[in-house]
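Below is one structure, written out as structure tokens, with a few remarks after it.
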Amino acid sequence: MYMLYRLRQLGLSVRVYEAGSGVGGVWFWNRYPGARCDIESMNYSYSFSHELEQEWKWTEKYATQPEILRYINHVADRFSLREDIQFKTRVSASVFNEATNRWEIQTDDGARASARFLIMATGCMSAVNVPDFKGLESFQGKAWHTARWPEEGVDFTGQRVGVIGTGSSGIQVIPKLAEQAAHLFVFQRTPSFSVPARNAPIDPVYESWMKANYADYRRRARETRAGVVMEVNPKSALEVSPEEREREYMARWEKGGTAFLATFSDVMARREANETAAEFVRSQIRATVRDPAVAAALSPSGYPLGTKRLCVDTGYYETFNRDNVTLVDVKLSPLEEITPRGLRTRSAEYELDSIVFATGFDAFTGALCNIDIRGRGNASLKQKWAGGPRTYLGLAIAGFPNLFTITGPGSPSVFSNTLVSIEQHVEWITGCITHLRERHLERIEATVEAEDGWVAHVKEVADRTLYPLANSWYMGANIPGKTRVLMPYAGGVGAYRKKCEEIAAQGYAGFSLEPPRAM
Numbered sequence: 000m001y002m003l004y005r006l007r008q009l010g011l012s013v014r015v016y017e018a019g020s021g022v023g024g025v026w027f028w029n030r031y032p033g034a035r036c037d038i039e040s041m042n043y044s045y046s047f048s049h050e051l052e053q054e055w056k057w058t059e060k061y062a063t064q065p066e067i068l069r070y071i072n073h074v075a076d077r078f079s080l081r082e083d084i085q086f087k088t089r090v091s092a093s094v095f096n097e098a099t100n101r102w103e104i105q106t107d108d109g110a111r112a113s114a115r116f117l118i119m120a121t122g123c124m125s126a127v128n129v130p131d132f133k134g135l136e137s138f139q140g141k142a143w144h145t146a147r148w149p150e151e152g153v154d155f156t157g158q159r160v161g162v163i164g165t166g167s168s169g170i171q172v173i174p175k176l177a178e179q180a181a182h183l184f185v186f187q188r189t190p191s192f193s194v195p196a197r198n199a200p201i202d203p204v205y206e207s208w209m210k211a212n213y214a215d216y217r218r219r220a221r222e223t224r225a226g227v228v229m230e231v232n233p234k235s236a237l238e239v240s241p242e243e244r245e246r247e248y249m250a251r252w253e254k255g256g257t258a259f260l261a262t263f264s265d266v267m268a269r270r271e272a273n274e275t276a277a278e279f280v281r282s283q284i285r286a287t288v289r290d291p292a293v294a295a296a297l298s299p300s301g302y303p304l305g306t307k308r309l310c311v312d313t314g315y316y317e318t319f320n321r322d323n324v325t326l327v328d329v330k331l332s333p334l335e336e337i338t339p340r341g342l343r344t345r346s347a348e349y350e351l352d353s354i355v356f357a358t359g360f361d362a363f364t365g366a367l368c369n370i371d372i373r374g375r376g377n378a379s380l381k382q383k384w385a386g387g388p389r390t391y392l393g394l395a396i397a398g399f400p401n402l403f404t405i406t407g408p409g410s411p412s413v414f415s416n417t418l419v420s421i422e423q424h425v426e427w428i429t430g431c432i433t434h435l436r437e438r439h440l441e442r443i444e445a446t447v448e449a450e451d452g453w454v455a456h457v458k459e460v461a462d463r464t465l466y467p468l469a470n471s472w473y474m475g476a477n478i479p480g481k482t483r484v485l486m487p488y489a490g491g492v493g494a495y496r497k498k499c500e501e502i503a504a505q506g507y508a509g510f511s512l513e514p515p516r517a518m
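Below you can see the structure in the form of structure tokens.
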């Protein structure tokens with residue numbers, strides 16, 4: 000939506016294709032009970048309009064999906080964006096025509112269009128991952144995916160419900176389903192680390208302060224590592240006494256949210272320091288969950304805290320104290336098949352009325368590779384990325400002229416407050432197109448050398464972190480056959496922004512820029 004807004008300001012003709020029947024992207028589709036953002040509401044919002052910042056009033060520290068969707072609809076209406084959005088339309092293919100320097104686009108209804116620039120705002124988490132479970136088609140009950148929840152909702156009252164998956168979506172939906180279902184079975188393969196949200200209504204004093212200081216706050220957020228202003232303790236977790244370490248972790252735990260990762264400066268940099276934080280979380284799980292065996296099964300081990308997405312919950316661990324909730328460890332007893340009556344593991348069969356898949360996404364690359372995108376020489380993007388995504392800055396791809404990816408692989412994307420990263424990419428792309436227009440240039444393309452250099456840099460930065468130590472969706476490990484590589488850029492929002500600005504200031508170093516061809 001922001002890309003549309005900015006391109007309109009340039010006087011360009013723009014058409015947005017959207018598969019959904021309304022605006023919102025991930026917040027349009029993810030309507031499951033308990034869905035919330037894990038960035039505080041007043042940070043998870045657009046900064047491009049002072050009036051918009053001042054007029055919108057958030058109700059909670061962490062906004063629910065319905066509230067976020069109301070905000071997004073407000074933005075669409077306020078700036079009259081819908082008239083240039085074609086809903087219920089999916090792009091199926093796009094081919095670069097080298098003779099005309101234009102992208103030829105085909106939609107799922109067979110319609111065709113042509114554009115000088117192709118901007119992929121497909122999102123990092125929009126291609127749904129439904130594992131290929133044996134027997135799924137035979138199930139006689141109802142099956143749902145958290146990322147394709149029906150708008151009218153689902154009533155699970157009196158039902159036996161199975162939830163498969165305990166990542167962020169599962170951890171949010173499970174407490175809500177437990178309140179409805181007659182019995183809830185949670186099928187967990189790998190437990191996730193989760194910290195309490197400590198959600199609450201927005202404090203009016205805080206709201207007034209933030210609105211008065213938004214400009215300075217936004218500036219500082221853009222210079223941080225994650226696009227959020229937070230207090231980072233400069234001390235090492237290993238240089239303080241056990242008592243001080245416990246006090247600091249408890250203070251962050253009581254405050255709530257992902258700032259827990261900033262309790263000490265080296266939590267995400269040193270395995271030994273990280274383990275102190277991980278053990279603190281495990282101790283809180285043991286203190287919360289009454290059954291020691293269930294607490295042990297819910298306690299993550301074998302990978303560093305934060306290297307899989309750190310979840311933010313409301314009452315997740317407490318849910319397993321309910322009599323109507325059963326945790327099934329499918330690492331000990333693997334899931335063998337879906338049956339007509341439910342689900343069977345190696346050691347037992349569970350009768351179910353409904354199954355909820357909280358199995359996430361084919362992140363970063365799935366949505367792009369689901370479109371048949373072909374660049375120069377009819378080269379396929381899907382084939383180019385078969386060994387892992389390759390981009391320059393997460394913004395452009397060698398061999399694919401005049402194509403831009405917003406928060407694409409190789410950019411901070413999900414390692415940041417995504418709104419900060421989206422705005423930065425939109426503004427960079429807008430500046431690039433303006434540069435081309437002012438100089439009467441028709442084509443821009445990342446060079447192979449620049450792309451190779453950026454891919455190597457992304458890997459070098461990743462190897463200095465703990466992230467490669469986990470089999471996470473950050474690494475593509477949740478998709479069978481997907482090459483494992485850390486897809487987002489781990490160098491931080493501030494450093495990344497500076498690099499992008501330097502490249503633009505150097506006349507778009509690393510790009511080949513071409514004028515129109517002589518007729």
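Per numbering that gives the first Met the number 0, residue 0 is the first one in the sequence shown, and the count goes up by one each step. Cβ atoms here follow ideal geometry from the backbone N, Cα and C, with glycine treated the same way.
{"Asked": "Ranges of the beta strand (DSSP E) found wholly within the segment 291-365, counting only runs of at least 3", "Found": "310-312, 324-328, 334-338, 341-344, 348-350 and 353-356"}
{"Asked": "Under the three-state DSSP convention, the category residue 445 falls into", "Found": "strand"}
{"Asked": "Contiguous alpha helix (DSSP H) assignments of at least 4 residues, all confined to the segment 44-108", "Found": "49-54 and 64-77"}
{"Asked": "Residues of its chain near residue 433, where Cβ-Cβ distance is below 7 Å and the 5 sequence neighbours each way are ignored", "Found": "9"}
{"Asked": "C-beta atoms of residue 357 and residue 164 nearer than 7 Å", "Found": "yes"}
{"Asked": "DSSP-derived helix/strand/coil call for residue 538", "Found": "The chain is shown from 0 up to 518; residue 538 falls before or after that span and cannot be answered."}
{"Asked": "Of the listed residues 120, 160 and 350, nearest to residue 90 (C-alpha basis)", "Found": "120"}
{"Asked": "Residue 170 - DSSP class collapsed to helix/strand/coil", "Found": "helix"}
{"Asked": "Strand pairing of residue 200, partner residues [DSSP]", "Found": "59"}
{"Asked": "Reference residue 520; option with closest CA among 414, 395 and 342", "Found": "This structure leaves residue 520 out entirely; the chain is present only between 0 and 518."}
{"Asked": "Cβ contact check for the segment 320-336 and the segment 298-310: 3 or more pairs under 8 Å", "Found": "no"}
{"Asked": "Beta-carbon gap between residue 36 and residue 62 smaller than 7 Å", "Found": "yes"}
{"Asked": "Three-pair Cβ contact test at 8 Å for the segment 397-409 versus the segment 442-462", "Found": "yes"}
{"Asked": "Buried versus exposed call for residue 202 [16 or more other C-beta atoms within 10 Å across all chains shown]", "Found": "exposed"}
{"Asked": "Touch test, the segment 145-165 against the segment 173-189, Cβ-Cβ under 8 Å, three pairs minimum", "Found": "yes"}
{"Asked": "Beta bridge counterpart(s) of residue 417 as assigned by DSSP", "Found": "Answer is none; residue 417 lacks a bridge partner."}
{"Asked": "Distance CB(residue 21)-CB(residue 337) smaller than 7 Å", "Found": "no"}
{"Asked": "Residue 99 to residue 384 span [Cα, whole Å]", "Found": "26 Å"}
{"Asked": "Between the CA atoms of residue 233 and residue 256 - distance to the nearest angstrom", "Found": "19 Å"}
{"Asked": "Which of helix, strand or coil DSSP assigns to residue 500", "Found": "helix"}
{"Asked": "Beta-carbon gap between residue 140 and residue 326 smaller than 7 Å", "Found": "no"}
{"Asked": "Residues sharing a beta bridge with residue 371, DSSP", "Found": "92"}
{"Asked": "Cβ-based burial, residue 156 [other Cβ within 10 Å; buried from 16]", "Found": "exposed"}
{"Asked": "Cβ-Cβ distance between residue 220 and residue 74 below 7 Å", "Found": "no"}
{"Asked": "Contact set for residue 520: own chain, Cβ-Cβ below 6 Å, skip 5 residues either direction", "Found": "No information on residue 520 is available, as it lies outside the stretch 0 to 518 that the chain covers here."}
{"Asked": "Rounded distance between the beta-carbons of residue 410 and residue 386, thought under 8 Å", "Found": "Residue 386 to residue 410, Cβ: 19 Å. No contact."}
{"Asked": "Proximity winner among 108, 27 and 295, relative to residue 187 (alpha-carbon distances)", "Found": "295"}
{"Asked": "First and last residue of the uninterrupted beta strand (DSSP E) at residue 404", "Found": "402-404"}
{"Asked": "The segment 194-209 contacting the segment 247-255, beta-carbon criterion three pairs below 8 Å", "Found": "yes"}
{"Asked": "Helix, strand or coil at residue 514 [DSSP, three-state]", "Found": "coil"}
{"Asked": "Buried versus exposed call for residue 60 [16 or more other C-beta atoms within 10 Å across all chains shown]", "Found": "buried"}
{"Asked": "Straight-line Cα distance separating residue 167 from residue 416", "Found": "16 Å"}
{"Asked": "Alpha-carbon to alpha-carbon, residue 286 and residue 271", "Found": "23 Å"}
{"Asked": "C-alpha gap between residue 229 and residue 487, whole angstroms", "Found": "21 Å"}
{"Asked": "Distance CB(residue 171)-CB(residue 33) smaller than 7 Å", "Found": "yes"}
{"Asked": "Cβ distance (whole Å) where residue 16 is taken to contact residue 47 below 8 Å", "Found": "No, residue 16 and residue 47 are not in contact; Cβ-Cβ is about 22 Å, not under 8 Å."}
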